[in-house]
Amino acid sequence: MGLTKRIIPCLDVYDGVVVKGVKFSNLRKIGDPAELAVEYMNQYADEIVFLDISATPKGRETMIDVVKKTAENLFIPLTVGGGVRTVEDFGKLLRAGADKVSVNTAAVRDRSLVKRASSIFGSQCVVVAVDAKRTSWGWEVYVNAGREPTGIDAMEWIKTCAQEGAGEILLTSIDSDGTRLGYDIELLQAARRTVDIPIIASGGAGSLQHVYEALTVGGADAALLASLLHYKQYTVVEIKKWLKDKGVEVRL
Amino acid sequence: MRKVGAIPNIVSNIPDKGFDGLILPGVGSYSGAFRKIDEERSSIKRLAREGYPILGICLGLQFMFNWSEEGNPGEEGLGLFKGVVKKLLAKRLPHIGWNSIERTGNSVILEGLENGCKMYFVHSYAPTNYDPDEAFAFTNYDDYRFPVVFEKKNVFGTQFHPEKSWRSGLKILSNFVNYCRR
């Protein structure tokens with residue numbers, strides 16, 4: 459027995475409601491974040507991620523209330539991300555009941571943010587979300603919801619984040635995201651070789667085999683799942699049972 | 017705590033009376049929280065002596081030992097349990113995620129929990145040179161075995177986060193609350 463691989467449902471929240479859509483278009487409301495989070499907890503989800511995609515000041519305030527309401531009945535770790543800019547944003551979300559805060563664009567724009575947030579609140583609550591795209595020389599970091607290239611080498615960036623106090627890396631392959639053709643395994647492997655902190659694989663899962671590959675050959679510690687779960691294709695329990703049969707240690 | 021039938025009151029200074037038990041929760045670093053713990057040192061030690069139930073969680077547990085390698089020289093722990101907290105001898109740190117606990121004794125707070133149940137951990141340090149009579153459960157990570165549940169009379173501690181460990185964790189908190197009611 460040892461540390462188990464984690465399955466983490468990701469819920470996109472828009473103005474206080476969980477939505478799903480393809481690449482931010484055709485958003486459809488699918489439910490209440492607090493209720494869905496508890497539903498996933500009861501399915502043996504290991505953690506929950508809320509991603510605030512509203513990107514408006516009003517949406518941010520709504521998110522604080524959503525986190526407060528959710529935290530009352532959620533007894534597994536909750537990570538909240540999307541639009542986090544400052545140390546004050548970290549504080550607000552943590553005080554509302556989030557256990558971890560994920561930061562993406564702001565960490566690139568403000569190079570001292572990860573260090574300041576981790577020294578004030580502890581590394582355990584700082585998750586750096588990295589959106590990486592393949593190039594001729596490796597992988598490049600993109601920001602602004604994957605729209606804006608930065609010229610930064612993703613591996614250098616991950617290494618810097620770990621040194622500055624990031625507790626975990628949420629690594630999304632822009633090339634694979636939304637394709638449902640599988641994770642970018644080489645990206646996960648490269649990240650695994652680069653840092654010791656946990657890597658959460660994201661982007662591209664279309665089948666159970668894909669999740670299995672990310673957690674085994676990819677070396678990821680956790681898999682972030684969205685469409686595989688939201689379209690009711692599988693429950694978390696079904697995914698975990700399947701992984702367990704294949705020899706992956708999971709919590710059931 | 018409300019979920020398990022208690023009324024929580026988050027305080028920065030420990031009141032003289034009006035409560036049934038004390039929880040020292042904790043995330044963050046030893047030195048970061050030391051000043052606050054140091055201010056409350058005499059109150060916490062008095063409560064422990066007088067038989068008040070006290071539960072330390074994660075960093076809160078680590079403060080219950082004599083000292084931690086994570087702290088600066090002179091930043092003495094509360095000394096409620098014997099031992100010194102040191103960095104885990106694991107290849108990959110921090111130890112983050114769900115891991116199983118192996119019960120080695122009957123602690124009040126472990127009542128009703130199965131051997132091998134899984135708890136949520138986030139830490140890089142763990143107690144060493146502890147008193148085996150005060151340790152009630154262990155966890156393995158990277159081939160390293162360390163104690164994760166402590167009990168000495170009315171003082172308890174867990175290295176993992178019961179508040180984030182779903183049903184198994186809530187059971188621990190519920191056991192603690194029942195002990196406070198005794």
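Line by line, the protein sequences give chains A and B.
Under this note's numbering, the first residue of the first sequence carries the number 459, and numbering increases by one thereafter.
Under this note's numbering, the first residue of the second sequence carries the number 17, and numbering increases by one thereafter.
Ideal placement from N, C-alpha and C gives every residue a C-beta, glycine not left out.
Measure from the C-beta of residue i to each C-beta in chain A and report whether the shortest distance is under 9 Å.
i: Gly76 (chain B); result: no
i: Glu179 (chain B); result: yes
i: Trp83 (chain B); result: no
i: Arg65 (chain B); result: no
i: Lys169 (chain B); result: no
i: Arg119 (chain B); result: no
i: Lys19 (chain B); result: yes
Shorter than 9 Å from the beta carbon of residue i to some beta carbon of chain B?
i: Ala680 (chain A); result: yes
i: Phe508 (chain A); result: no
i: Met521 (chain A); result: no
i: Gly460 (chain A); result: yes
i: Asp490 (chain A); result: no
i: Ile697 (chain A); result: no
i: Met613 (chain A); result: no
i: Asp568 (chain A); result: no
i: Asp504 (chain A); result: yes
i: Arg592 (chain A); result: no
i: Arg709 (chain A); result: yes
i: Asp547 (chain A); result: no
Tell me which same chain residues have a C-beta within less than 6 Å of the C-beta of residue i, skipping the five on either side of it?
i: Arg161 (chain B); result: Phe154
i: Glu268 (chain B); result: Nothing about residue 268 (chain B) can be reported from this structure: the residues present for chain B run from 17 to 198 only.
i: Tyr195 (chain B); result: Pro69, Val124
i: Asp557 (chain A); result: Pro535, Leu536
i: Ile488 (chain A); result: Val476, Lys478
i: Glu622 (chain A); result: Val572, Lys573
i: Ala678 (chain A); result: Leu646, Ile657, Ala659, Ala672
Counting only the same chain and skipping the five closest in sequence on each side, list residues whose C-beta sits under 7 Å from that of residue i.
i: Asp635 (chain A); result: Gly661, Gly662
i: Ile616 (chain A); result: Val588, Ile627, Ala649, Thr652, Val653
i: Asn122 (chain B); result: none
i: Gly541 (chain A); result: Asp510, Ala513, Arg518
Once you ignore the five residues that flank residue i on each side, which residues in its own chain have a CB closer than 8 Å to its CB?
i: Ile643 (chain A); result: Glu671, Ala672, Val675, Gly676
i: Arg574 (chain A); result: Val545
i: Lys98 (chain B); result: Phe81, Asn82, Asn145, Tyr146, Asp147, Glu150
i: Lys699 (chain A); result: Leu710
i: Ala503 (chain A); result: Ile465, Ile466, Pro467, Ile534, Val694
i: Asn115 (chain B); result: Lys134, Met135, Phe137, Thr155, Asn156, Tyr157, Phe176
(request) Counting only runs of 3+ residues fully inside the stretch 640-690 of chain A, write out the beta strand (DSSP E) ranges in chain order. (result) 657-660, 680-683
(message) Please give me, in chain order, every unbroken run of the alpha helix (DSSP H) with length at least 4 that falls completely inside the stretch 510-543 of chain A.
(response) 515-529
(request) Give, in chain order, every residue of the stretch 28-55 of chain B whose Cβ lies closer than 7 Å to some Cβ of chain A. (result) Val43, Gly44, Ser45
(message) What are the residues in the stretch 94-115 of chain B lying within 9 Å of chain A by C-beta distance?
(response) Lys107, Arg108, Leu109, Pro110, His111, Ile112, Gly113, Trp114, Asn115
(message) Closer than 8 Å between beta carbons: that is the criterion. Which residues of the stretch 184-195 of chain B meet it against chain A?
(response) Gly185, Leu186
(request) Report yes or no: do the stretch 563-577 of chain A and the stretch 602-621 of chain A share at least 3 C-beta pairs separated by less than 8 Å? (result) yes
(request) Determine, using beta-carbon pairs with one atom in the stretch 92-111 of chain B and one in the stretch 640-659 of chain A, whether at least three such pairs fall under 8 Å. (result) yes
(request) Just list the beta strand (DSSP E) runs in the stretch 583-609 of chain A, keeping only unbroken ones of 3 residues or longer that don't cross its boundaries, in chain order. (result) 584-593, 596-601
(request) Kindly provide the ranges of any beta strand (DSSP E) runs that are 3 or more residues long and lie completely inside the stretch 24-64 of chain B, ordered along the chain. (result) 38-40
(message) Beta carbons nearer than 7 Å to chain A: which residues of the stretch 127-140 of chain B have them?
(response) Gly132, Lys134, Tyr136, Val138
(request) Check each residue of the stretch 147-165 of chain B: if its Cβ is closer than 7 Å to any Cβ of chain A, include it; give the result in chain order. (result) Asn156, Tyr157
(request) Note down, in chain order, all residues in the stretch 571-584 of chain A with a beta-carbon under 9 Å from any beta-carbon belonging to chain B. (result) Ser577, Ile578, Phe579, Gly580, Ser581, Gln582, Cys583
(message) Check whether the stretch 42-61 of chain B and the stretch 69-84 of chain B are in contact - that is, three or more C-beta pairs closer than 8 Å.
(response) yes
(message) Using a Cβ-Cβ cutoff of 8 Å, what residues of the stretch 513-539 of chain A are near chain B? List them in chain order.
(response) Glu530, Asn531, Phe533, Ile534, Pro535
(request) Tell me the start and end of each unbroken alpha helix (DSSP H) in the stretch 56-141 of chain B that is at least 4 residues and wholly inside, in chain order. (result) 57-66, 75-78
(request) Check distances from the C-beta atoms of the stretch 622-647 of chain A to those of chain B and list, in chain order, the residues that come in under 8 Å. (result) Gly625, Glu626
(message) Check whether the stretch 82-97 of chain B and the stretch 577-594 of chain A are in contact - that is, three or more C-beta pairs closer than 8 Å.
(response) no
(request) Scan the stretch 652-664 of chain A for residues whose Cβ lies nearer than 9 Å to a Cβ of chain B and list them as they occur along the chain. (result) Asp654, Ile655, Pro656
(message) For the stretch 685-692 of chain A against the stretch 156-170 of chain B, do three or more pairs of beta-carbon atoms, one drawn from each stretch, fall closer than 8 Å, so that the two count as touching?
(response) no
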